[in-house]
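In mature numbering (1 follows the signal peptide of the UniProt record, and there is no 0), the protein residues as written are -24 to -1, 1 to 150.
Glycine included, every Cβ here is placed at the ideal spot set by N, Cα and C.
Here is the structure we will look at.
Here it is as structure tokens:
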């Protein structure tokens, strides 16, 4: 084998000694060098375990939202206007001076009613000490008079021959 290697080397490198020999036809030769057997190297590390893929759950069917109308929000109604104050009513017969009363509003109306044949005279005494004749009539009477003044207590003097009534009523829009 060594001879064969030398010949190949000689041919490849062209380093063969030339001897004066008659030239003869040169034959072509193919030389095959057997490959060395494969070397198995033992592993230096422990083999690692490759994890297996896990089953991933598929998509779920999520229902689509529906267009459900919400009940309408009730519109609050405007607050009810405050009820007017109750009237102050004084009733009697004949002559009298009433107990002090407070009108239901700073501007009120006085409804005066008399059922009789004689005089009907009503005088109001105001909180500031002044007085005013509200009515001086003979016989039956029914009428309205304004009562405008400061807040406080008012007293009425009534001279009548029959039944009468005095009603203090709050004037609207006060």
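Alpha carbon to alpha carbon, how far is residue 125 from residue 84? Give it in angstroms, no decimals.
-> As a position in the chain shown, residue 84 is number 108, starting the count at 1. As a position in the chain shown, residue 125 is number 149, starting the count at 1. Each residue's CA atom was taken as its position, placing residue 84 and residue 125 some 9 Å apart.
Classification of residue 142 by the beta-carbon crowding that lies within 10 angstroms, buried from 16 upward = Here the question's residue 142 lines up with position 166 in the chain shown. By the neighbour-count criterion, in which 16 or more other beta carbons inside 10 Å mark a residue as buried, residue 142 falls on the buried side.
Evaluate contact between the region 85 to 100 and the region 32 to 47, counting only Cβ atoms and requiring at least three cross-stretch pairs below 8 Å.
-> Three or more Cβ pairs closer than 8 Å define a contact, and the region 85 to 100 falls short of that threshold against the region 32 to 47.
Can you tell me which of 103, 114 and 138 puts its alpha carbon nearest to the alpha carbon of residue 127?
-> Counting from 1 along the chain shown, the entry for residue 127 is found at position 151. The candidate whose alpha carbon is nearest that of residue 127 is 103.
Quick one: give me the first and last residue of the beta strand (DSSP E) that residue 122 is part of.
-> Within the chain shown, residue 122 is the residue found at index 146, counting from 1. Where residue 122 is concerned, the enclosing beta strand (DSSP E) stretches over 117 to 124.
For the beta strand (DSSP E) containing residue 28, list its first residue and its last residue.
-> Your numbering for residue 28 matches position 52 in the chain shown. First-last for residue 28: undefined, no H or E at that position.
Could you tell me the boundaries of the beta strand (DSSP E) in which residue 109 lies?
-> Within the chain shown, numbered from 1, the residue matching residue 109 stands at position 133. That run of the beta strand (DSSP E) goes 107 to 114.
May I ask you to report which of helix, strand or coil DSSP gives residue 37?
-> For this step, residue 37 is matched to residue 61 along the chain shown. The three-state reading of DSSP puts residue 37 in coil, since its state is none of H, G, I, E or B.
State the DSSP-derived secondary structure class of residue 3, mapped to helix, strand or coil.
-> In the chain shown, counting from the first residue as 1, residue 3 sits at position 27. Here residue 3 scores only 49 on pLDDT, less than 50, and its place in the model is too uncertain to base an answer on.
Whole angstroms is fine: what's the gap from residue 101's alpha carbon to residue 61's?
-> In the chain shown, counting from the first residue as 1, residue 101 sits at position 125. In the chain shown, counting from the first residue as 1, residue 61 sits at position 85. Rounded to the nearest angstrom, the gap between the Cα atoms of residue 101 and residue 61 is 22 Å.
Could you tell me the distance, in whole angstroms, from the CA atom of residue 35 to the CA atom of residue 51?
-> The sequence position of residue 35 within the chain shown is 59, counting from 1. The sequence position of residue 51 within the chain shown is 75, counting from 1. Counting only the Cα atoms, residue 51 lies some 44 Å from residue 35.
Go to residue 65, then tell me how far its beta strand (DSSP E) extends in each direction, as first and last residue.
-> Here the question's residue 65 lines up with position 89 in the chain shown. 64 to 69 is the span of the beta strand (DSSP E), which, as asked, contains residue 65.
Under the three-state DSSP convention, the category residue 127 falls into | For the purposes of this step, residue 127 is identified with residue 151 of the chain shown, where counting begins at 1. It is coil, neither helix nor strand.
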